[in-house]
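Below: the structure, in C-alpha cells.
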Amino acid sequence: MERKNNLKEIVEFNKEFVESKEYEKYKTTKYPEKSMVIVSCMDTRLTELLPKAMNLKNGDAKIIKNAGGLVVHPFGSAMRSILICVYEFDVKEVFIVGHYDCGVSTLDINRIIREMKEKGIEEKTLNTLLNSGIDIKTWMHGFDCIEESVEKTVATVKNHPLLPADVAVHGLIMNPETGKIDVVIDGFEKLKENNL
Ligand SMILES: [Zn+2]
5 MERKNNLKEI VEFNKEFVES KEYEKYKTTK YPEKSMVIVS CMDTRLTELL PKAMNLKNGD
65 AKIIKNAGGL VVHPFGSAMR SILICVYEFD VKEVFIVGHY DCGVSTLDIN RIIREMKEKG
125 IEEKTLNTLL NSGIDIKTWM HGFDCIEESV EKTVATVKNH PLLPADVAVH GLIMNPETGK
185 IDVVIDGFEK LKENNL
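Using our numbering, the letters of the sequence shown correspond one by one to residues 5 to 200.
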C-alpha cells in the first residue's frame, strides 16, 4: 500500500492558497487582541471547535497545546511559553482548558512501553534513562481525573515564582462534542481575594 504523503498535498494546496490570497482574511498582529493565552489539549476534536466555542478568531489569543493541556513542569516549555506571553505579549489572563474524555487520562503506559520495544527501542535504552533519573512511566503519565488535573495545572501556573500576581489564571473543562464549557476556577475571584 502506498504511504500517505500529506506533505505533497499540503505543498500543492499551499501554492494555490497563497496565489489566491486566501490569507488576507486572517491578517492580524502577533499581539493577542484579547490579551489572553490558552493552554489546551492537542485532541483533534478541539482543533476548530475550541476557538469557535470560545468565540476566538485569528489574532485574539495565544494557544499552547500539548497532550492533556498540562503544565507538567514549572520550568518546562509550556510554562516558558506562558511567561513569554505575559512579559512579551501583554497577556493578562491564562485559560487552562482541559476536556472530558481526554485520551491522556486513559493512557496505558505499559502498553506504550511494550510498543516501544516492538518498534525497536531497546530495554537497555529504557534502563539507561531510568538510571539518569528519567522514569518513562512517570514522565508520560497523564492524569486520572480531569477536574483535579485542571486544578493542579492552574495551581502550578498561579503559584509560579515568576508569574506577576495580577495575572488571572482560569480553569475550564470543555465537552469535546458540544464545546460546552464548565468553569472550574474563575481566576478573577482569586485576584479579588488578594485585592488585585
Ligand atoms: Zn485530551
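Using N, Cα and C, we set each Cβ at its ideal position, and we do this for glycine too.
Note that this is a predicted model, so its numbers are computed, not measured.
query	result
Host beta strand (DSSP E) of LEU176 (start-end)	172 to 178
Buried/exposed call for ASP170, threshold 16 Cβ in 10 Å	exposed
Distance CB(VAL75)-CB(VAL154) smaller than 7 Å	no
Backbone secondary structure at PHE99 - three-state DSSP	strand
The region 71 to 86 contacting the region 102 to 111, beta-carbon criterion three pairs below 8 Å	yes
Paired residues, beta bridge with ASP186 - DSSP	ILE177
Status (buried if at least 16 other CB within 10 Å, exposed otherwise) for HIS77	exposed
Other residues of its chain near GLU97: CB distance less than 6 Å, five sequence neighbours each side excluded	MET40 and ALA172
Cβ-heavy atom distance, VAL101 to ligand 1, below 6 Å	no
Beta-carbon proximity check, ILE185 vs LEU195, cutoff 7 Å	no
Contact between the region 53 to 69 and the region 26 to 38 (3+ Cβ pairs under 8 Å)	yes
Three CB pairs or more closer than 8 Å across the region 109 to 125 and the region 81 to 93	no
Cβ neighbours of VAL187 in the same chain (closer than 8 Å, five flanking residues each side left out)	HIS174, GLY175 and LEU176
Opposing strand residues paired with LYS66 [DSSP bridges]	VAL41
Inside the region 90 to 151 only - alpha helix (DSSP H) runs reaching at least 4 residues	113 to 122, 127 to 135 and 140 to 144
Short Cβ contact (7 Å threshold) for GLY146 with LEU200	no
Closer than 6 Å: ASP186 CB and nearest ligand 1 heavy atom	no
GLY80 classed as buried or exposed, judged by whether at least 16 other C-beta atoms fall within 10 angstroms	exposed
Local Cβ density within 10 Å of GLY124, reported as buried at 16 or more and exposed below that	exposed
CYS106: CB within 6 Å of a non-hydrogen atom of ligand 1	yes
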